[in-house]
Structures are given as C-alpha cells and as structure tokens.
Amino acid sequence: MMKRYARRLLVLSVAVILTSFAYSQNSVLVNFGSSNCYNAGAPAFSLINNPLSIAPSVLATCGLSAQLPDFFNVFIAYNPRDTKIYVADVRSGVDTKIWVLNMGLPGNIACPVIPVAPTYSYSYVSNNFEFDNNGDLWSFSKYNVSTGQCNMDKFDVATGAVINTRVLQFPAGNFPTTIRSGDLTILPNGRMFAALGSTPSRLYEINNYSSTTTSASATYLQILPKDCYGIAYLNGQLEVAGIDFNGTCYYFDYAISTNVLGAEKPFQIAQGPIDNTSFTPSLGVTKQLVNSVKVNANTADLTYEIFVKNLGNTIINNINITDDLGAVFGAGNVSNVSIAFVPGANNGLLRQNLFFNGTNFTNLLGNGQNLPNQTLNNNDYYFKLQLKCRVTNLNAAKIYLNSAIGRGTIGNAGNNTLISIGDSSNNGAEAVVDPNNNGNAGEAGENIPTPFNFSILPVRFINVAANLNNKTSAVLKWVVATPTINAEKFEVEYSSDAINWIPLATIKIINSNQAGYQFIHQYIPAGNLYYRIKQVDNNGEYVYSRTVLLHNKSGLNNYSIYPNPAGNYIQVAAPYFATGKTVIELFDATGRKILS
C-alpha cells in the first residue's frame, strides 16, 4: 500500500516501457469474398493485418476459383485448436463440403496448395459456422421465423454428426428475418456474437450456447444500418461487414464494452466481404512485488512475481519476457539476481535464460520458444516466474516503477508476414492480467508499473530473544536494521497460549539509527510465556517480529491460603506482584464451585 508523507517530495524512477510496438493484441482479419469489391466469379480469401488501422495490409490472398464457382453460400472459420482455416461450401442445400487449409501458423503465414476435392463432405448443412477455443464447431439450423427459435448445433467438422443441440430463442419483437444470411463469431474469451437477417440485419449476442442443461438465448443489440454478411472479432471490437452488390463494400466497427456502433467505412483494401473470421495473437503480463526486506540504510532484497498468459486464440511464437532492472535502479546497484519458475506454473516446460542478470542480459527466457493458446485440454498457455534481486543506493524519497515486458510473434519476416505483439505488465497478481476480460491486456489502465518505495518498508527484525532474570522476570531484547524510517513505536506483547495476546509496554522510537532495544517483564508467572514485538509506522501500519517462547519452570506460583482451617474468611497471598486481573475460584469438598 502506498503511504502518504507530509512535506516529502517523491521522485520517480521508471523502467523504459513498451516502445517498439503498439499492440498487446493484434487481430488478423480473414475475409472470404473477392479481392475487389464485387467479383463473384473469383472467390478468394485474404488475411489482413492491422485491419482497423488507417493502413491495413494483406498478408496473403488465396484463390479458390478451382474449388468454387463463385463466392455465394460459402462460410469461412478459423479453428484455434489446430490453427487452421476451414472453408465450407453449402450451395447445394443438401450437403456440406469442407476444405481444411494449413497456413503455417504460428511460424509462417502463406497460402497452401489447395486441392480441388474437399477434405470432408457430408449431408449435414450448416447455416454459418464458427469454432470456439476448444475446437468445437457451432452452427444454426431449423429456424422458425414465427416463434423466433432455431437450433444451436455443435457438430463434428469431419463427419457432420451433430454432437449436441439446444434451442436458441431470439427476443420477441427482434426476430431475425432469416439465419441463412449473416455470420457469427466467437471471441477468444468465449463470447458469441451474430449478425443475422437482411433488410434489416440485426446484431445479437448469443448466451448459454455451450450449456448442456439450459436453452440458449439471444440478446438483441441493435439494427445494423445496412445488410451485413460477415462479422469478426478485432482487437477488442467487432467488425460487421457487407456488400450492396452495386459496387459498395463497407464495414462498421462495434465497441463491445460500450455497445456503440461506429460510422460506415469502406471495407479494407477495397475487397468484397461475404464471410469473415479472425485469429488473434494476444499476450498479457502482470508483475507484483511479493516481498521486500530492508538490509541496511540504503539496500533492500526484493522478490517479484511475473505472470504471463496467452490471451489469444493462436500459438505465440518467440515468446520472451524482458525485465531491465538496471534501467530502474541503476546497473551498478543490482546484484544477487535469480529467477525460477513457480512450481506448477510452467506446464509448457519453458526454459529460462541462464544468463539473465537484470542489467546487460534482460531476457528471462531462452530464445525460440512458443506459448500455446488455451483450449479445453491444455494448461500450458501461461507461466509464472519469481525474480529475486538485491538493490542498493536506494533513495527513500524515490518511487521506483518497474515493468516486465512480454513479447512474441507470429508469421515470418522472410515473406513479410511477421506480426509482433507485446504487453507491458500490469501491477498485481494474475487476476489483473485482463481486468475487463475482453482478451486485450493493453487498454488504458491495464499496464500500470509495479511501484517500490524504500521508505515504506517495515522494520526488519534481525534478532528477538527472551531470557529469565532471577526467576521472577523476563528480559526481552531485540535488534532491528537501521535506519528505522517512518517508524513510530514498538509495542511489547505476551501470551500464555500464543493465541490471546496482552500488551505490556510501548516504546517510542526516538533515534532512527538505534538498533538495539530492551524491555523487562517483571513478576512473571510460571509456565510457557510467548513474546512478540509489534512495530507500528507513523501511518498506523505495523509488522510483527517472530514469536519467542520462554518456559519459566522456576516461577513462584506458590500461593499462601490461611487460616487453615478457615472459618468466616480466608486470605490469599502471592509471592510476587501480579499485574492485571487474577481469578480465584473456591470449591467445596464435593468439587462444586461456590465462588469465583
């Protein structure tokens, strides 16, 4: 927790934050249609980089004229499980033909040799389709325009067998005119959206589509200004696209977080959009300071924990993490550097960089490694590292801000398809890697550096000891690291059971350079005595020393009770002065308590 100080100037020491690239997420739009706005007889699909920027570019265009007579009644989908592109032709109305295309991800992006004959062919006819992160394929079927209901089918892409189905109910008053016109998309985080119908097309979110116990439902979002046939997820937004078949091709961006539809724009690179999908390399990083120990007046031992997660739906190539401790603390002030994977948090068996020292060697991982995307059956899409270091020449008036930088790529520089992504860490545990859960960890407020302020470190107890003195008192001695910056006082506590604690004394900290302290607990009882020291800061924060045990076997618990035998009264005498309350209980000869 950051502390406040009156009349103190805090300066910042900040590590260099992400400069060589702009995106922690970089979606690639896959457009099926034609290479110009309207050319139905030349079906093709293109992979478009930076699709929402002012300068999108084509990574690859793959022609399908040998496989398809035109671009009508064809769907396209990306499968995160095998990182391949699937093209479906349903023009016959009685069967589906599927081509499975390996584009070379993650190390390459290039058109494969596409056979004329389909990879699969079967009688199930889909109405649009899309894969989720697990590689399950979803489609609509059997729409009843009167009731606004259709089936939500999960089917086997290789056989066409329906694995399970459930009823999908559209909201009253906003039924789609048809489900044969439109498209659906599934985000890396699992949410499904669909643009369906014509004159008008409507935008929906599909809920509970993967549930096996409840029906699916659609949330109506809005009417689209023009008919839209394609929809895709791009960098935290949706793109819905269409063609008017009179030479105009267009798209609208839709902000998922605010439910705002943007203005009409010309479709990317003047292509014709008939159906869309996308794949999204996305990386998220967090960093937290999990331990800090003051060593001396200007030195501390720090322990950081760095969490890295593949938030996208494709494998990330060349994964690495950079942490430049020298840029924050000064290269000559960093020593005793070590890194290690947190047990159970490196299921992909990544290799660390054995030369990492936080100054001239700043990559935490060895080169040439991959980070898989998350699917149903894997747990190697994230990892966690612990970084320890000693830093010296610290300034108590300075806040040191540090970030770990995650980097990765897809594609290949050799054919100009290389895409770089990166993320500057967000301060905190792994839960803050993507606070709004939209798959994009690079948005405003999600890349906060991790702070460290030497002045707010608690006092470090070097030693605490308790010893008997003359059988009736305990001498407590403790030693702390100096200077005790921002420290107000020590409170001495004791207990007979290490559960219920009693305050004994308060000792003000007058001299911040005083290391040794002492307190004598007089007239101690017999038995086990537990002691601890509570150090309290000026702002009320506190830290405890370790607990020490003193066993007083020689304690004088020999009370004197007289007269004996007693008549109308008794007297109890103790051989020491007892502080606090003393409880006396009186029992009769049968064991019945008659006085307390």
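So for the sequence shown, the numbering used here puts the first residue at -3; every next one is plus one.
Note that the Cβ used here is the ideal one computed from N, Cα and C, for glycine as well.
Excluding residues up to 5 positions away in sequence, K150, F151, D152 lie with their Cβ nearer than 7 Å to the Cβ of I159 in the same chain.
A straight line joining the alpha-carbon of Y396 with that of K467 spans about 51 Å. With 16 or more neighbouring CB atoms inside 10 Å of its own CB, L298 falls in the buried class. Here DSSP, grouped into helix, strand and coil, assigns N329 to helix. Rounded to the nearest whole angstrom, the CA to CA distance from K93 to Y82 is 10 Å. Per DSSP, the unbroken beta strand (DSSP E) holding K93 starts and ends at 92 to 97. Annotation: the stretch 315 to 370 contains the following complete segments of the alpha helix (DSSP H) (minimum length 4 residues), in chain order: 321 to 325.
Taking a contact to require three or more Cβ pairs closer than 8 Å, the stretch 434 to 445 and the stretch 417 to 425 qualify as touching.
Scanning the stretch 239 to 304 from its first residue to its last, the whole beta strand (DSSP E) runs of 3-plus residues come out as 245 to 251, 268 to 275, 279 to 292. A check of alpha carbon separations from P196 across D179, P221, T209 identifies P221 as the nearest. Taking the C-beta atoms as reference points, G226 is found nearer than 9 Å to G29.
A direct Cα-Cα distance of roughly 16 Å separates R386 from P447.
Judged by pairs of C-beta atoms under 8 Å, the stretch 378 to 393 touches the stretch 285 to 305, as three or more such pairs exist. Counting C-beta atoms within 10 angstroms of its own C-beta, D271 has 16 or more neighbours from the protein chains shown and is therefore classed as buried.
Here A427 carries a helix assignment [DSSP, helix/strand/coil]. Of the other Cβ atoms in all chains shown, fewer than 16 fall within 10 Å of the Cβ of A113; this residue is therefore exposed. The stretch 115 to 129 and the stretch 46 to 58 do not touch, with fewer than 3 CB-CB distances between them shorter than 8 Å. As the crow flies, the alpha-carbon of G89 is around 7 Å from that of V121.
Judged by DSSP in its simplified three-state form, I520 adopts coil rather than helix or strand.
Residue range 401 to 406 is occupied by the beta strand (DSSP E) that includes I406. Two segments are said to touch when three or more pairs of C-beta atoms, one from each, lie closer than 8 Å; by this definition the stretch 451 to 464 does not touch the stretch 425 to 439. For V96, the closest of N104, P102, I110 by C-alpha to C-alpha distance is I110.
Under the DSSP assignment, R198 falls in the beta strand (DSSP E) whose first and last residues are 198 to 203.
Taking C-beta atoms as the reference points, P39 and L60 count as a pair closer than 9 Å. With a beta-carbon spacing of about 5 Å, G407 and L414 fall inside the 8 Å limit used to define contacts. The beta-carbon separation of N309 and N436, rounded to 13 Å, does not stay under the 8 Å limit for a contact.
Sixteen is the threshold: when 16 or more other Cβ atoms of the shown chains lie within 10 Å of the Cβ of L199, as they do, the residue is buried.
Contact between the stretch 521 to 529 and the stretch 481 to 493 is established, with three or more Cβ pairs separated by less than 8 Å.
Put simply, of N242, A157, A212 the residue whose alpha carbon is nearest the alpha carbon of P167 is A212. Per DSSP, T173 lies in no beta strand (DSSP E) and is assigned neither H nor E.
Under the three-state reduction of DSSP, F68 is assigned to coil, being neither helix nor strand. Nearest C-alpha to A266 among N342, F68, L372, I44: I44. For S253, the number of other beta carbons within 10 angstroms of its own is below 16, and it is reported as exposed. In the DSSP annotation of this structure, the continuous segment of the beta strand (DSSP E) that includes K150 starts and ends at 145 to 151.
Here the C-alpha atom of G362 lies approximately 17 Å from the C-alpha atom of I311.
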